[in-house]
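Numbering (the working numbering), first residue to last: 65 to 445. Below is one structure; the comments refer to it alone.
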Ligand code: GDP
Ligand code: MN
């Protein structure tokens, strides 16, 4: 789970890494009051879980409270790489003398952590890394040893950072270990004109396996940026939103994965991954259908079920019940096979809904769903 910048900087502050004073709000009027409280000019920063805010116009400098309100009004509601800005952070600006890049990241392939650091931090770090990889130091960190003062000194030397950064490096490692993070990134870590080392930005990714004790951040909003994903999660469904036009529902991750492939083979794009799981009830099926039909990108739905523990008649019953509550406007193709398939098919035939059709095989079902999705414009009234 990724944290917002203001959450990351809170963790930094708790571990003794210096950050400029700041406050967060979702209102432009409140931004003006915050700027007044902070006193003097402020930096207004979009709070979205993606980088490159500076380049996208999501970071602005305001010289007085009225300008802070204007900047907040401009930035709130902005779309940055598909992320809608709902809150801004106002921070006291600092006079930057040098910008550094530092991060700790889990290196799964090497089975260790990696410290990545550069004396050329800031908004151009990607370009620096691509054009002159030697300007970015990569130093393995033994997880058992961690970043001691000696290790931090090696990192600063390799990256050409001033020795003053050692303390911040040790403290940022504590953030990683104590807060169950798999990524801690600061870009820029700056040296101010007054010679202080401050974190001006922060990205922290928590280990999802530690979520049981990271309840502090585990809100629905923080976990699922997509409202449909949040709704599906609240209903206990395994749902991932994709960008296509064929809604996909199946039982078992493997079957759903192959259904996505078959839909793509038919020239259409899947709109989601939704696994109703083994032993799924009629209730689960109805919930799943509700979520998929609520996606405005969906033009047809493909329900692909191989009945094992989940009997096909329970699935068919779920579909029939969902049809009563959602009144679909999109065609639904159902393929039922396996346990109690005959009874399931009969239930659907009996309901005889004009938008529901059945297919005998997975390939046939995918072809029908793809054709319906791709000709949906022609079919619409
Ligand atoms: P990002 O573009 O999403 O990584 O957002 P950052 O928080 O890194 O901000 C982008 C850039 O804005 C930084 O590289 C800094 O150069 C600048 N910036 C951010 N905060 C301050 C500040 O307090 N004072 C000054 N002078 N510049 C800042
Ligand atoms: Mn940054």
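Heads up, the beta-carbon is just placed ideally off N, CA and C, and yes, glycines get one too.
Next on the checklist: From the DSSP secondary-structure annotation, give me the bridge partner or partners of residue 167.
Outcome noted: 180, 249
Checklist entry - So does residue 186 have its beta carbon nearer than 7 Å to some heavy atom of the ligand GDP? => result yes
Item to check | Nearest-angstrom Cα separation, counted from residue 364 out to residue 151 | outcome: 35 Å
Item to check | Secondary structure of residue 352, DSSP reduced to three states | outcome: helix
Next on the checklist: So if DSSP puts residue 334 in a beta bridge, which residue, or which two residues, is it bridged to?
Outcome noted: 310
Next on the checklist: Let me make sure I understand the geometry here. Which of 396, 72, 322 has the alpha-carbon closest to that of residue 366?
Outcome noted: 396
Next on the checklist: Against chain B, with Cβ distances strictly below 8 Å, would residue 355 count as a contact?
Outcome noted: Of the chains in the structure shown, none is chain B; there is only one protein chain.
Item to check | Identified DSSP bridge partners for residue 87 | outcome: 154
Next on the checklist: Rounded to whole angstroms, what is the Cα-Cα separation between residue 334 and residue 320?
Outcome noted: 10 Å
Item to check | residue 332 versus residue 309 - alpha carbon distance | outcome: 7 Å
Item to check | the ligand MN site residues, beta-carbon cut 5 Å against heavy atoms | outcome: 251, 265
Next on the checklist: For residue 126, report the span of its beta strand (DSSP E) as first-last.
Outcome noted: 123-126
Item to check | Alpha carbon of residue 392 to alpha carbon of residue 187, nearest angstrom | outcome: 47 Å
Item to check | Residue range of the beta strand (DSSP E) that includes residue 364 | outcome: 364-371
Checklist entry - Does the stretch 242-256 come close enough to the stretch 161-177 that 3 or more CB-CB pairs lie under 8 Å? => result yes
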